[in-house]
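Numbering (the working numbering), first residue to last: 1 to 257.
Here's the structure, in structure tokens; my notes come after.
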Amino acid sequence: MRREDAARRGAAGAARQARGRQDVDLGFHSVREALRSPRREAVRLYATTAAAERLAAEIAAKRLDPIIVEAEEIARRAPSDAVHQGVLLEARPLEALDLADIRADGVVLALDQVTDPHNVGAIVRTAAAFALDAIVTTERHSPDLAGVLAKSASGGLEHVPIVTVVNLARALDELGDMGFLRVGLDSEGPASLEDTTLSRPLCLALGAEGKGLRRLTRERCDVLARLDMPGPIKSLNVSNACAVALTLARARLTSQS
Numbered sequence: 001m002r003r004e005d006a007a008r009r010g011a012a013g014a015a016r017q018a019r020g021r022q023d024v025d026l027g028f029h030s031v032r033e034a035l036r037s038p039r040r041e042a043v044r045l046y047a048t049t050a051a052a053e054r055l056a057a058e059i060a061a062k063r064l065d066p067i068i069v070e071a072e073e074i075a076r077r078a079p080s081d082a083v084h085q086g087v088l089l090e091a092r093p094l095e096a097l098d099l100a101d102i103r104a105d106g107v108v109l110a111l112d113q114v115t116d117p118h119n120v121g122a123i124v125r126t127a128a129a130f131a132l133d134a135i136v137t138t139e140r141h142s143p144d145l146a147g148v149l150a151k152s153a154s155g156g157l158e159h160v161p162i163v164t165v166v167n168l169a170r171a172l173d174e175l176g177d178m179g180f181l182r183v184g185l186d187s188e189g190p191a192s193l194e195d196t197t198l199s200r201p202l203c204l205a206l207g208a209e210g211k212g213l214r215r216l217t218r219e220r221c222d223v224l225a226r227l228d229m230p231g232p233i234k235s236l237n238v239s240n241a242c243a244v245a246l247t248l249a250r251a252r253l254t255s256q257s
């Protein structure tokens, strides 16, 4: 283990400038899953003594020499609103995937300009819990996959491939050509998702809170379905709606198989 001193901080300036080419993971669970992932190349780990001890097995497996710092130093390097739990990992981005890499009978999510990193991180975590095959998102109007999003995903990024596309409508066209049933979640949808016949491969499209699905996205969907909630509040946070939708979809796919 190393301790970062004042002399090294000056030399670290270039490394910090290069951070734009690296992912930054924060938080115990996110960093632990990144260290455990054979697909993730770790570059540099900053940790408090306590955090390094908790991650000792993962650190040894990656053959890392962690830089031991005080919590204040990690907070300085982390985004201002991030909870770091005493650990920050700089790592190479995961290899980019294409739509063609998605399993032929898979279940995927398509995110239509969902921009809040906390929401997207929670969606990634939920997708990992449901063993989804991929999340399709766009280059623009999407949050960075590191930092706050990675922390909110709690390690989910290591388990759910992210497919980034230029144009979501064209991506949905391609998924349709691959045989995917494309279901758009819409509060005004003509059918309830609970009563909708589903089949694999399946793509569930989610829109941003307030705006919902854009017109071109809606037009590419084979079905528009709503979530029927029994309580007085009918609308859900997009990450909560995702969890409910995946629960219903899993039940429908299981009952129809």
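Virtual Cβ for every residue (Gly too), placed ideally from N, Cα, C.
Beta-bridge pairing of I162 - partner residues as DSSP gives them
One-based indexing of the sequence shown puts residue 162 at position 162. I162 is bridged to I135.
Give the straight-line distance between the Cα atoms of S152 and A122, rounded to the nearest whole angstrom.
As a position in the sequence shown, residue 152 is number 152, starting the count at 1. As a position in the sequence shown, residue 122 is number 122, starting the count at 1. Cα to Cα, the separation comes out at about 6 Å.
Would you kindly report the start and end of the unbroken alpha helix (DSSP H) that includes L185?
The residue you call residue 185 lines up with position 185 of the sequence shown. Per DSSP, L185 belongs to no alpha helix (DSSP H); it is in the beta strand (DSSP E), 181 to 185.
At which residue ranges does the segment 90 to 122 contain complete beta strand (DSSP E) runs of 3 or more residues, listed in the order of the chain?
107 to 112
Buried or exposed for H84, going by 16 or more other Cβ atoms inside 10 Å?
Indexing the sequence shown from 1 puts residue 84 at position 84. Buried, since its Cβ has 16 or more Cβ neighbours within 10 Å.
For P232, count neighbouring C-beta atoms within 10 Å of its own C-beta (all shown protein chains included) and say buried if the count is 16 or more, exposed if not.
In the sequence shown, the residue the question calls residue 232 occupies position 232. Exposed, since its Cβ has fewer than 16 Cβ neighbours within 10 Å.
As a quick exercise: from V183, A205, C203, pick the residue whose alpha carbon is nearest that of D195.
Working through the sequence shown from its first residue, we reach residue 195 at position 195. It is V183 whose Cα lies nearest to the Cα of D195.
Reduced DSSP secondary structure (H/G/I, E/B, other) of G176:
Walking along the sequence shown from the start, residue 176 turns up at place 176. Residue state, collapsed to three classes: helix.
Under the rule that 16 or more other beta-carbon atoms within 10 Å means buried, what is S142, buried or exposed?
Translated into positions along the sequence shown, residue 142 becomes position 142. Buried, by the Cβ-count rule.
Report the partner residues of G207 according to the DSSP bridge assignment.
On the sequence shown, position 207 is the one that residue 207 refers to. DSSP output for G207 lists D112 as bridge partner(s).
Looking at the structure shown, is V244 part of a helix, part of a strand, or coil, going by DSSP?
Along the sequence shown, read from residue 1 onward, the residue named residue 244 stands at position 244. Helix at V244.
If you draw a straight line from the alpha carbon of L111 to that of Q256, how long is it in whole angstroms?
Mapped onto the sequence shown, residue 111 falls at position 111. Mapped onto the sequence shown, residue 256 falls at position 256. The alpha-carbon atoms of L111 and Q256 are separated by roughly 26 Å.
Just to confirm my understanding: we take M178, look at its own chain, exclude 5 residues before and 5 after, and list those with CB closer than 6 Å. What are they?
As a first step, residue 178 must be located in the sequence shown, where it is residue number 178. So the list is empty, once near-sequence residues are dropped.
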